[in-house]
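Asks: Take this structure, written in structure tokens, and hold onto it; I'll ask about it next.
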């Protein structure tokens with residue numbers, strides 16, 4: 001028989017309503033393993049096992065504690081469930097944690113379940129009917145309103161076949177939830193295995209992981225490699241979203257991993273100290289939730305302290321909801337779309353919960369209609385609008401891959417949304433054939449406006465130059481003007497786009513406005529003629545380059561451009577770093593030098609100096625230049641003919 005994909009089933013209900021006993025009846029495994037659990041008959045920790053239904057559906061089981069003191073542990077086990085067995089004892093009926101567990105399941109987005117009335121052997125039928133009526137009233141309007149309701153006794157076995165059949169049917173009918181694109185798994189247990197090292201377990205929340213993969217431990221545990229994977233005690237090569245997995249990690253100490261950590265694909269999750277969210281305050285919470293209340297924030301299996309910043313009001317009444325910004329005291333590996341729970345600081349009450357709308361927001365001021373309006377757009381869930389908000393939030397350049405990671409969405413869907421937004425003119429796409437960068441239209445107009453202003457000022461100050469500014473200088477100066485550090489690749493793509501639009505052009509390794517032309521006045525041309533004359537009128541006593549920069553009366557860049565042009569055209573020859581010579585003078589010196597050597601057999605520096613009428617300061621660099629060309633070779637104090645003579 002082919003085993004179907006694994007589903008994760010959880011238990012929920014008040015303490016001592018028979019959750020662990022029922023799991024043992026269904027699977028044969030006693031999940032109360034701690035001595036205190038055995039002694040007190042009380043589940044304290046999470047329990048995990050699995051079984052296969054009659055039709056071959058593999059079901060992983062997460063058993064959670066029911067006591068109010070262990071709600072934190074219950075929360076760690078309740079994330080990632082496909083369906084739940086919601087237990088109510090026939091001899092106890094609906095109790096406080098019955099209600100609290102139901103509210104938590106609703107807030108976490110659990111959508112399927114079976115209601116189980118336990119201990120039916122302890123009550124008369126009429127009392128059982130009363131309990132069933134109370135449960136029906138409790139679940140009205142929830143995901144359990146039309147759920148199967150089955151009475152069982154783990155002592156006598158009554159109802160167990162019917163429950164098994166209901167689980168089998170549910171496991172076969174549930175459509176897999178849409179999950180994220182990249183691997184994420186919250187750790188609910190961490191332990192060492194002799195000879196294997198660190199092992200962590202959890203429910204794969206999104207994506208998939210394979211043996212040999214590199215993973216990141218968040219919020220701050222570094223990286224590790226997956227040595228081995230197991231599901232239900234069996235070695236496997238791969239675990240995917242919705243499955244329980246035990247992950248054997250290489251090169252990680254147990255001390256570095258704890259419950260609440262997140263295993264994720266490297267570089268895909270950025271821990272955050274703030275999240276924007278839609279918060280629902282439970283109707284059963286005992287008071288209004290005030291602005292800046294200190295709370296416990298539960299995400300996956302992680303608990304973090306923080307405060308609630310109410311964005312458009314001063315308090316939220318029980319049963320109401322509001323947009324909030326949660327300011328956390330420690331980083332949390334949150335992703336947009338994740339569900340969360342809030343409890344009060346003393347951990348006595350569950351306040352409520354909701355869904356993260358932005359895992360990396362900017363810090364908001366309160367009572368800003370624009371902020372609330374953007375969150376309403378995010379809540380609506382239209383991907384194009386959310387992508388536009390992400391790009392707009394960053395201000396300037398945002399890589400398409402980073403959006404996919406922040407939203408936990410497939411890259412192709414982000415690409416489709418970006419294409420639609422670009423067609424509508426809302427965003428600009430740069431380097432679309434590579435790894436695209438996106439920039440919002442408003443940011444693009446700010447950037448190009450400041451870039452144009454900067455180049456216009458440069459051309460205004462130095463009209464004699466055809467050149468503009470180097471790409472690095474432009475990137476740094478425009479970035480400072482915009483209050484942002486621009487990625488090199490993204491900024492280069494922006495310049496190329498502007499050049500393609502005819503707004504910029506590349507000139508000698510710089511970027512200039514396409515409309516700019518060098519404008520030299522009569523006085524400038526006269527000064528340039530003077531520069532040229534310094535080389536032709538004094539062929540063997542030319543000025544040093546630094547000197548001519550200082551004495552020309554022109555901007556250094558203008559003189560430098562002229563000299564480079566004369567070098568390129570062959571009017572000048574660079575003999576050394578300090579000296580340029582008129583080419584005709586160098587050719588004449590070469591002819592005189594070779595004629596002298598042919599007659600005398602060699603020439604000294606002193607003889608060459610007298611030959612061309614120059615001082616040693618100029619004669620020696622010329623000889624060294626000829627040595628480099630192979631026209632001469634040095635032989636002691638003499639220069640003799642070289643291979644290129």
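In our numbering, the protein residues as written are 1 to 645. Glycine included, every Cβ here is placed at the ideal spot set by N, Cα and C.
DSSP state of residue 276, grouped into three classes?
Replies: Looking at residue 276 - three-state DSSP - the assignment turns out to be strand.
Asks: Check whether the Cβ atoms of residue 405 and residue 566 lie closer than 8 Å to each other.
Replies: No, Cβ-Cβ distance for residue 405 and residue 566 is not below 8 Å.
Asks: How long is the line joining the alpha carbons of residue 626 and residue 640, rounded to whole angstroms?
Replies: In a straight line, the C-alpha of residue 626 is about 11 Å away from that of residue 640.
Asks: Just the C-alpha distance for residue 446 and residue 579, rounded to the nearest angstrom, thanks.
Replies: So the alpha carbons of these two residues sit roughly 45 Å apart.
Asks: Taking its Cβ as the centre, do 16 or more other Cβ atoms sit within 10 Å of residue 156, making it buried, or is it exposed?
Replies: Exposed is the call here.
Asks: Along the chain, which unbroken stretches of the alpha helix (DSSP H) at least 4 residues long are found entirely within the stretch 378-463?
Replies: Whole alpha helix (DSSP H) segments, 4+ residues: 383-394, 400-407, 411-424, 441-461.
Asks: Look up residue 71 in the DSSP assignment and say whether it is helix, strand or coil.
Replies: Three-state result, residue 71: helix.
Asks: Taking the alpha helix (DSSP H) that residue 136 belongs to, which residues open and close that run?
Replies: Here the alpha helix (DSSP H) through residue 136 covers 125-139.
Asks: Out of 180, 380, 334, state which residue places its alpha-carbon closest to the alpha-carbon of residue 359.
Replies: For residue 359, the nearest C-alpha among the options comes from 334.
Asks: Between the alpha carbons of residue 17 and residue 117, how many angstroms are there, rounded?
Replies: Spanning the two alpha carbons is a distance of roughly 9 Å.
Asks: Among 464, 449, 463, which residue has its Cα nearest to the Cα of residue 474?
Replies: Measuring from the Cα of residue 474, the nearest candidate turns out to be 449.
Asks: Out of curiosity, what's the CA-to-CA distance linking residue 637 and residue 605?
Replies: Those two C-alpha atoms are separated by around 8 Å.
Asks: Pick out whichever of 79, 112, 140 has its Cα sitting closest to the Cα of residue 353.
Replies: For the residues 79, 112, 140, the minimum Cα distance to residue 353 belongs to 79.
Asks: For the alpha helix (DSSP H) that contains residue 472, what are its first and last residues?
Replies: Residues 471-482.
Asks: Any heavy atom of the ligand ATP closer than 7 Å to the beta-carbon of residue 99?
Replies: What this structure holds is no ligand at all, so the ligand ATP is not there to describe.
Asks: Go ahead and label residue 699 buried or exposed: buried means 16 or more other beta carbons lie within 10 angstroms of its beta carbon, across all protein chains shown.
Replies: Residue 699 lies beyond the stretch modelled for the chain, which goes from 1 to 645, so this question has no answer here.
Asks: Contact defined as beta carbons within less than 8 Å: I believe residue 278 pairs with residue 197. What is the distance between those atoms, to the nearest angstrom?
Replies: Residue 278 to residue 197, Cβ: 41 Å. No contact.
Asks: Can you list the alpha helix (DSSP H) stretches of 4 or more residues lying completely in the stretch 132-203, in chain order?
Replies: Within the stretch 132-203, the complete alpha helix (DSSP H) runs of at least 4 residues are 160-173.
Asks: On the DSSP bridge list, what partners appear for residue 9?
Replies: Beta-bridge pairing links residue 9 to 61, 83.
Asks: Under 8 Å, with one C-beta from each stretch per pair, do the stretch 295-304 and the stretch 336-350 reach the 3-pair mark?
Replies: Yes, since at least three Cβ pairs between the stretch 295-304 and the stretch 336-350 fall closer than 8 Å, the two stretches touch.
Asks: Cutting at 7 Å between CB atoms, please list the residues of its own chain near residue 619, excluding the five before and the five after it.
Replies: Excluding sequence neighbours, residue 619 sits near 605, 608, 609, 612.
Asks: What did DSSP end up calling residue 55 once you bin it into helix, strand or coil?
Replies: Residue 55 falls in the coil class under three-state DSSP.
Asks: Since residue 11 and residue 84 should fall inside the 8 Å C-beta cutoff, what is the C-beta to C-beta distance between them, to a whole number of angstroms?
Replies: With a Cβ gap of about 7 Å, residue 11 and residue 84 count as contacting.
Asks: Tell me which residue opens and which closes the alpha helix (DSSP H) that residue 605 is part of.
Replies: Segment 605-612, the alpha helix (DSSP H) holding residue 605.
Asks: Between the Cα of residue 549 and the Cα atoms of 542, 560, 128, which residue gives the shortest distance?
Replies: The shortest C-alpha separation from residue 549 is found at 560.
Asks: Indicate the three-state DSSP secondary structure (helix, strand or coil) for residue 236 in the structure shown.
Replies: Correct three-state label for residue 236: strand.
Asks: Please specify which runs of the beta strand (DSSP E), each continuous and at least 3 residues long, are wholly inside the stretch 529-574, giving them in chain order.
Replies: Runs found: 572-574.
Asks: Using DSSP's beta-bridge definition, name the partner residues of residue 217.
Replies: Paired residues: 222, 263.
Asks: For residue 22 versus residue 164, is the C-beta distance shorter than 8 Å?
Replies: The answer is no: Cβ separation not under 8 Å.
Asks: Considering just the uninterrupted stretch of the beta strand (DSSP E) at residue 350, what are its terminal residues?
Replies: Where residue 350 is concerned, the enclosing beta strand (DSSP E) stretches over 350-358.
Asks: Please classify residue 512: is it buried, with 16 or more other beta-carbons within 10 angstroms of its beta-carbon, or exposed?
Replies: Buried is the call here.
Asks: Would you mind stating whether residue 63 and residue 19 have Cβ atoms separated by less than 8 Å?
Replies: Against a cut-off of 8 Å, the Cβ pair of residue 19 and residue 63 comes out as a contact.
Asks: Grab me the residues of residue 419's own chain with a C-beta within less than 8 Å of its C-beta, minus the 5 sequence neighbours each way, in chain order.
Replies: Cβ within range, chain order: 429.
Asks: Are the stretch 320-340 and the stretch 270-288 in contact at 8 Å, needing three or more beta carbon pairs?
Replies: Result yes; three or more Cβ-Cβ pairs closer than 8 Å.
Asks: Kindly indicate the opening and closing residues of the beta strand (DSSP E) around residue 661.
Replies: No answer is possible for residue 661: the residues shown for the chain start at 1 and end at 645.
Asks: Could you check which residue in 497, 516, 536 has the C-alpha nearest to that of residue 465?
Replies: With distances taken between Cα atoms, residue 465 lies closest to 516.
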